[in-house]
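Protein chains: 2
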Amino acid sequence: MAGTNLVGPEVDALELGVVLRALADEHRRSVMTELAADRTDSERGCNSFALPISKQTQTHHFRVLREAGLIDEIDYGNRKGIRLRRTDVDSRFPGLLALLEAEHRDGTAPH
Amino acid sequence: MAGTNLVGPEVDALELGVVLRALADEHRRSVMTELAADRTDSERGCNSFALPISKQTQTHHFRVLREAGLIDEIDYGNRKGIRLRRTDVDSRFPGLLALLEAEHRDGTAPH
DNA sequence: GTCTAGGTACGATTGATTTCGTACTCGAGT
DNA sequence: ACTCGAGTACGAAATCAATCGTACCTAGAC
Numbered sequence: 002m003a004g005t006n007l008v009g010p011e012v013d014a015l016e017l018g019v020v021l022r023a024l025a026d027e028h029r030r031s032v033m034t035e036l037a038a039d040r041t042d043s044e045r046g047c048n049s050f051a052l053p054i055s056k057q058t059q060t061h062h063f064r065v066l067r068e069a070g071l072i073d074e075i076d077y078g079n080r081k082g083i084r085l086r087r088t089d090v091d092s093r094f095p096g097l098l099a100l101l102e103a104e105h106r107d108g109t110a111p112h
Numbered sequence: 002m003a004g005t006n007l008v009g010p011e012v013d014a015l016e017l018g019v020v021l022r023a024l025a026d027e028h029r030r031s032v033m034t035e036l037a038a039d040r041t042d043s044e045r046g047c048n049s050f051a052l053p054i055s056k057q058t059q060t061h062h063f064r065v066l067r068e069a070g071l072i073d074e075i076d077y078g079n080r081k082g083i084r085l086r087r088t089d090v091d092s093r094f095p096g097l098l099a100l101l102e103a104e105h106r107d108g109t110a111p112h
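Top line first, the protein sequences correspond to chains R and Y.
Numbering of the first sequence is given in the working numbering, commencing with residue 2 and proceeding in unit increments.
Numbering of the second sequence is given in the working numbering, commencing with residue 2 and proceeding in unit increments.
Laid out in structure tokens, this is it:
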């Protein structure tokens, strides 16, 4: 029941190159802009992002985000939770999440 | 003698995806971190960056940076100048250059 | 135990990106 | 005019990244 947290790099091991390569992909960036815009930092399901790609490819993208140190993945066995590593990212790359949050406002249709 | 400025996108046309893809490459990012760290924003020669790649490949990388809107390229015919579009980048993506500048401090050997 | 929904492992394919070889252009200097 | 240094154009090779098909695993519901 208590999911196991899949490992990612420590705060001090975060590398800008890896992070920027992770954010270069449109799908991964759309995930990150949503996470950055949600200030509650609540855990989210993997398929709450409505990505127009197969589940195998989603697995790949979430792994890239985790290995870049941007998110935590919590493995429950038959499902998975995603959470933004906001404090870590903010401390290592201040201003980065603000850029993504601004992009989310631009990319979200006004309602 | 007065070089012609090669065209890049207007400020409002800068796209985060294009910018992040441009910054994902190590060589292009090393150029950008150097430019971001130099607060005088002086024009620089193309080969003042000591990139360990052929000149054809350098041409390619500088073009990517220009088309992303990050730099201006001034063509003098037999040589070329590079200048950071600091105000444009700062106004469209505030905080981005600060991230690159911080990376320059980390990546520069202490002397 | 069986079934099902969500996720992963592995491999193959496809597409994009980086890189460079060859040939060419341009301007400065002699 | 000739040469030289710096850069570009074009195309090919090589490398890397995104995508998916098939098969498999896991926890929960029945």
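The C-beta atom is built at its ideal place from N, Cα and C for all residues, glycine as well.
Sort the options by Cα distance to residue i and report the nearest one.
i, options, result
"Asn13 (chain Y)", "Y:Arg64, Y:Asn79, Y:Leu97, Y:Val90", "The identity of residue 13 (chain Y) in the sequence shown is Asp, whereas the question assumes Asn. Checked all of Y:Arg64, Y:Asn79, Y:Leu97, Y:Val90; the closest Cα to Asp13 (chain Y) is Y:Val90."
"Val65 (chain Y)", "Y:Ala110, Y:Glu11, Y:Arg22, Y:Leu17", "Y:Arg22"
"Glu11 (chain Y)", "Y:Ser31, Y:Leu52, Y:Asp73", "Y:Asp73"
"Thr88 (chain R)", "R:Ala37, R:Asn6, R:Pro53, R:Gln59", "R:Ala37"
"Phe63 (chain Y)", "Y:Pro111, Y:Arg84, Y:Ala103", "Y:Arg84"
"Thr109 (chain Y)", "Y:Glu35, Y:Leu15, Y:Glu68", "Y:Glu35"
"Leu15 (chain Y)", "Y:Ser92, Y:Asn6, Y:Thr58", "Y:Ser92"
"Gly46 (chain Y)", "Y:Asn6, Y:Pro111, Y:Arg80, Y:Leu101", "Y:Arg80"
"Asn6 (chain Y)", "Y:Arg67, Y:Arg40, Y:Thr58, Y:Gln59", "Y:Arg67"
Could you name the residues of the same chain whose beta carbon sits closer than 7 Å to that of residue i, not counting the 5 residues immediately before and after it, in chain order?
i, result
"Gly4 (chain R)", "Ile75, Asp76, Tyr77, Gly82"
"His105 (chain R)", "Thr34, Glu35, Ala37, Ala38"
"Gln59 (chain Y)", "Cys47, Leu52"
If contacts are defined as beta-carbon pairs under 8 Å, then residue i and residue j qualify, I think. What distance do you get, rounded to the angstrom?
i, j, result
"Arg86 (chain R)", "Leu71 (chain R)", "6 Å"
"Val19 (chain Y)", "Ala69 (chain Y)", "5 Å"
"Leu24 (chain R)", "Phe94 (chain R)", "So it is not a contact: roughly 10 Å between Cβ atoms."
Enumerate in chain order the residues of its own chain whose CB-to-CB distance from residue i is below 6 Å, with the five nearest sequence positions on each side excluded.
i, result
"Asp116 (chain Y)", "Nothing can be reported for residue 116 (chain Y): it is not among the residues displayed for chain Y, which extend from 2 to 112."
"Gln57 (chain R)", "none"
Can you list, in chain order, the residues of its chain with a C-beta nearer than 8 Å to that of residue i? Leave out the 5 residues immediately preceding and following it.
i, result
"Glu102 (chain R)", "Thr34, Ala37, Ala38"
Which ranges would you report for the beta strand (DSSP E) in the stretch 72–111 of chain R if only whole runs of at least 3 residues count?
As far as the stretch 72–111 of chain R is concerned, its whole beta strand (DSSP E) runs of at least 3 residues are 72–76, 81–85.
With three or more beta-carbon pairs closer than 8 Å as the criterion, would you say the stretch 51–61 of chain Y touches the stretch 22–36 of chain Y?
The stretch 51–61 of chain Y is in contact with the stretch 22–36 of chain Y.
Which ranges would you report for the alpha helix (DSSP H) in the stretch 37–76 of chain R if only whole runs of at least 4 residues count?
DSSP runs (the alpha helix (DSSP H)) wholly in the stretch 37–76 of chain R: 56–68.
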